[in-house]
Every structure is written in C-alpha cells, then in structure tokens.
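The sequence shown begins at 400 in my numbering and counts up by one.
Accompanying notes for the structure given below.
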Amino acid sequence: MKTGRLRVLAITAGKRSPAAPGLPTIAEAGVPGFEANQWYGVITSVKVHPAIVKKLSAAIAEAVNSPDVRERLMSDGSTPIGSTPEQFSAHIKSEIVKWRKLVKDTGLQLH
C-alpha cells in the first residue's frame, strides 16, 4: 500500500486505523454492517489462580502500553488495547456469537 503497488479500497475494522486515517472503513465505503477485526490475546487455563491472571494481565497491559511496543504495533496498522481479563472474555464471547450467526445464516460448512 505504501509503495503504491497495492490499491486498498477500505479496511474491515469498525473504525479507521490511526496508521491509515485516510482509508475508509468498509461500512464507509458502502458495505454497512460488515466488520471483521484481527485481534490477539493471551488465554490461560481456567485452573490458573485469579491472582496469577491479574498479575499476568497487568504485566501484559504494561508491555502493550509501553511506547516502543505501541509504536511497533501501530506501525503495522494494529491498535493496541490491553484490556482486562473480563473485557477480553466479553470480547471473545461476542466474537463467538457474531461468527456463529454468520455460519448459521449462510449455511457455511467446512470440509
């Protein structure tokens, strides 16, 4: 995209990327209701003690929010968040609902 060899029409995220603020979202480009975000997270076993989860979460959030890591992630077009375990759990649940509905509505089958 930066070299001009690829013409990007829109991004699939729900809001514009700070890495390419001039690039519209797919909804702004004429396909409302479509949103697909790429995300990463750290998941532990349910057996891990909550105090350890809290400590890991704090350390990960600190790393994600450090200037060098934020800059590196943002240079690739990512938007660092560093949410709490509860927020991340809610996000995962909402993604399952969204993609399960898509599979059901379209009759998608994996072979």
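All C-beta atoms, glycine included, are put in the ideal place defined by N, C-alpha and C.
Its chain contains A460, V463, N464 as the residues whose beta carbon lies nearer than 6 Å to that of G481, once the 5 sequence neighbours on both sides are disregarded; these appear in chain order. M400: not part of any alpha helix (DSSP H); DSSP gives it neither H nor E.
If you look at K414, you'll find it isn't in any alpha helix (DSSP H); DSSP assigns it neither H nor E. In this chain, the alpha helix (DSSP H) harbouring I451 covers 449–463. Counted as a single uninterrupted DSSP element, the alpha helix (DSSP H) harbouring S488 occupies residues 484–505.
Under the 8 Å Cβ criterion, the stretch 427–446 counts as touching the stretch 406–413, having at least three qualifying pairs. Take the alpha-carbon of L405 and the one of H490: they are about 32 Å apart. The alpha-carbon separation between V445 and V452 amounts to approximately 10 Å.
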